[in-house]
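In this note's numbering, the protein residues as written are -11 to 899.
Read through the structure below, which is laid out as structure tokens, and then see the notes.
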């Protein structure tokens, strides 16, 4: 019934396709439907026509005369969104009144039926057995908004509907006064805190496992520990730092317990050729394994669920390879995951993206990819891992399982935990979730995010993955304060960070669009990973600042120097005024900057887990260190300059401080974060003495980057992936545009003055999916005006998913008339249980051909002469999926759905 769990998409498609066919109605499937099994390739059973898409603007809408903007200027319509996976599973056995008997489907080898977790109805709690007037009033509010079914992949959630449902659920709990009810209410209030506690602990555990595994695998490229081969190099030689030869340091620190591969393979001790070959071979094995794991486990078309709708669309029709055009396939574990999380938290649905399979692939693949030495970081993917944990844990309870909007509150808290374990920055993680990722962030979510980040940080400290007992990665112990004359260098570093961030984002976007997705590399991701890893090993092996890991490099660049003391990294000079000592370090760092920057440019976006935080920090830190060394050199050579008048003592200028400021500036230029980044840097370095320098650099970097490139790296990745993300922070200039320029007037609708049979509505739905395919839109239900038959008034709106579900229930009666009650006070569904609906004796009390229960009788409406900014606020602040437009007299004019509005905004942003 309306509150029944979803059946298999294959069963729904078969039953709706046979609707109205001649011959007796039976439960057998049509003969032209090919058998499917778990191993049936999706590209053989789900063909996509060239015009079908899940884009911001369906191609059919471009032919509507009401859309006035030029077709040539229409932005990408998300036509390359991944193909929504279609379930090959059957639901639980049900009455023949609702679905074909599974006993007659024995010819289908659905081997995963018994392994899939049972799925409940999305609005299973809408019915109530209470006769209390207050309950009836709440039920009436819910029914006016209509029953919903599960959201399909690549569609938008209805924030208002989920808010109404949660309010109704909580109100029912509060109305009961028994002891048991009070205990349930108290547990319900604590449930969110319990979940974020579990999420914080599990996030720290996964971070510990990833960090520990990555450190050992990274050391494995160089050699092994003779005492215990499972130890990383840092643990095998705990009293020393790794031996490396630097431009200014002729000494090396030996570790007798550590044995290089060249010493084990050849008799010639320290053979560089053998060491390079083994280093490259192991790096390629690690990177290719990470890529293979990502491709094998997280391909978008491999995720099957009964929650999908649109079974009558072209994606379910068989076609030939010559005429079918496949949509772009996503690999959910690749990249950092933050751009996709921004879209998901804004209300976009991607089934499987935060599932258990992606969690395992992302965690293991991240350890492998970072250990391979590729120019990428693990901090961004930690956020994705934390959100996977948050999604899995929250779905164990019906409160969050059956409410997509509520579940996003847990995901916001999980984002904070991910940053907390990545940087040891729980406060910065909370602010990062607020500033960069989350879309809906009320005070309650902020408190839970703060608590979740704190729990994650405490758990990680207890686990002690770094062996230091500290959470801080780059702790500094500078004992000097900054001077006023250094404000100018800080501003210069901020401007550089903005220029670097803007052009890095531009070049990476163009590389992804014009090379990775437009050449043969698109279909050969493993070959791309192989070539990038080979190039990385070849260019990074000889230079110590490119060979070491990103975290180790940033830590070395932040380190403090003392006069007359050389460090093992070669960054501290015994004589800072000697040009002979300054030149090798400056040249080596600048060369490392060019090599690392170019490799990061082509690495970010390949098909394996990869973040951008640490590479961005490293680029800025290298420039800052060079700037600090040169300024220190100038101070020693010309101590009497007026510029240095406030400077006293030998350690007046600290190169590590400039590295820290430069790192913050470059990351701000790439990601466009400000407040959260500044706080992360304070927690990352365990110092508050340099608050002003970091704030200045971050603000200058963001201002410069915004002037050169409007979008940051995450927004550009969203553009490459064609994700429908509505940016609530971006202002728009409407000019002379009006609602009439975006309204869709000739959308398919249902007229109450016409006979609407089951078969005619099925045909209407099929035509809608084949020519439109935008499941965010619905069918306006209209009636003729009493005084003007040529004009129509809106009765309500029924979604395409809800109409499909309702038609599936009555598919055995193709000629029956479907009714939509325009006014009613109490629908029998409110007091009828599902078992009574299945009982033929109670059919008189419930009319399955009355689709009023699915109808949204109170849709958001707006008049034709309203300003466009008001429409924008409807979608941004209220989370609307569609807005109905009427004229000044209340007559129906058309509808604007969210994806059509996004296409209109993209067009407006280009002007």
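All residues carry an ideal CB built from backbone N, CA and C; glycine is no exception.
A quick note: this is a predicted structure, and the numbers were derived from the prediction, not measured.
- prompt: Using the rule of at least 16 other Cβ atoms within 10 Å of the residue's Cβ for burial, across every protein chain shown, is residue 850 buried or exposed?
  reply: buried
field: Beta-carbon proximity list for residue 162, same chain, < 7 Å, skipping 5 on both sides
entry: 173
- prompt: Which class does residue 134 belong to by DSSP, given the choice of helix, strand or coil?
  reply: coil
query: When DSSP labels each residue in this structure, what does residue 435 get in the three-state scheme?
result: helix
- request: Taking only the alpha-carbon atoms, compute the straight-line gap between residue 855 and residue 865 and give it to the nearest angstrom.
  value: Between residue 855 and residue 865, the C-alpha separation is close to 16 Å.
query: What residue does the beta strand (DSSP E) around residue 769 start on, and which one ends it?
result: 766 to 772
message: Here's the rule I'm using: 16 or more other beta-carbon atoms within 10 Å means buried, otherwise exposed. How should residue 800 be labelled?
response: Under this definition residue 800 is a buried residue.
- request: For residue 775, count neighbouring Cβ atoms within 10 angstroms of its own Cβ and tell me buried if that reaches 16, exposed if not.
  value: Residue 775 comes out exposed.
message: Count Cβ pairs between the region 584 to 598 and the region 632 to 649 that sit closer than 8 Å; are there 3 or more?
response: Under the three-pair Cβ rule at 8 Å, the region 584 to 598 does not count as touching the region 632 to 649.
task: With a 10 Å radius around its C-beta and 16 neighbouring C-beta atoms as the bar for buried, classify residue 680 as buried or exposed.
output: exposed
- prompt: So does the region 262 to 278 actually touch the region 356 to 369, counting three or more Cβ pairs closer than 8 Å?
  reply: yes
- request: Evaluate contact between the region 521 to 538 and the region 619 to 634, counting only Cβ atoms and requiring at least three cross-stretch pairs below 8 Å.
  value: no
- prompt: With a CB to CB cut of under 6 Å and the five nearest residues on each side skipped, what residues in its chain are close to residue 847?
  reply: 785 and 872
- prompt: Just checking, does the region 624 to 631 make contact with the region 697 to 707 on the three C-beta pairs under 8 Å criterion?
  reply: no
Identity of the residues DSSP links to residue 928 by a beta bridge: Outside the displayed span of the chain (-11 to 899) sits residue 928, for which this structure offers no information.
field: Spatially closest choice to residue 878 from 809, 773 and 571, by CA coordinates
entry: Of the listed residues, the one whose Cα sits closest to residue 878 is 773.
query: At which residue ranges does the region 464 to 507 contain complete alpha helix (DSSP H) runs of 4 or more residues, listed in the order of the chain?
result: 475 to 499
- request: Spatial neighbours of residue 217 within its chain, please: CB distance less than 8 Å, with the 5 preceding and 5 following residues excluded, ordered by chain position.
  value: none
query: Counting Cβ pairs, one atom from each stretch, are 3 or more of them under 8 Å apart for the region 472 to 480 and the region 680 to 697?
result: yes
query: Is it true that the CB of residue 369 sits closer than 7 Å to the CB of residue 354?
result: With respect to residue 369, residue 354 sits close: the two C-beta atoms are nearer than 7 Å.
message: If I follow the unbroken beta strand (DSSP E) through residue 782, where does it start and stop?
response: 780 to 787
field: According to DSSP, residues forming a beta bridge with residue 144
entry: DSSP output for residue 144 lists 336 as bridge partner(s).
query: If you check the beta carbons only, do residue 495 and residue 589 fall under 7 Å apart?
result: yes
query: Between residue 183 and residue 411, is the Cβ-Cβ spacing less than 7 Å?
result: Cβ distance not < 7 Å, so residue 183 and residue 411 don't count as in contact.
- prompt: Start and end of the alpha helix (DSSP H) containing residue 196?
  reply: 167 to 208
Exposure of residue 699, with buried meaning 16 or more beta-carbon neighbours within 10 Å: It is buried - the Cβ of residue 699 has at least 16 other Cβ atoms within 10 Å.
message: Quick check on this structure: which residue in 491, 882, 461 and 549 has the alpha carbon closest to the alpha carbon of residue 659?
response: 491
- prompt: When the distance is taken between beta carbons, is residue 869 closer than 7 Å to residue 155?
  reply: no
- prompt: What does a CB cutoff of less than 6 Å around residue 675 pick up in its chain, not counting 5 residues either side in sequence?
  reply: 464
query: In whole angstroms, what separates the C-alpha of residue 343 from that of residue 109?
result: Their Cα atoms are separated by approximately 19 Å.
- request: Quick one: grab the DSSP three-state call for residue 597.
  value: strand
- prompt: Who does residue 287 pair with in a DSSP beta bridge?
  reply: 319
field: Integer-rounded CB distance, given that residue 391 should sit under 8 Å from residue 153
entry: Their Cβ separation, rounded to whole angstroms, is 6 Å, which keeps residue 153 and residue 391 in contact under 8 Å.
query: If we count Cβ pairs, one from each stretch, closer than 8 Å, do we get three or more for the region 508 to 522 versus the region 715 to 726?
result: no
- prompt: Shortest alpha-carbon distance to residue 578 belongs to which of 608, 602, 568 and 566?
  reply: 608
Residue 417 - DSSP class collapsed to helix/strand/coil: helix
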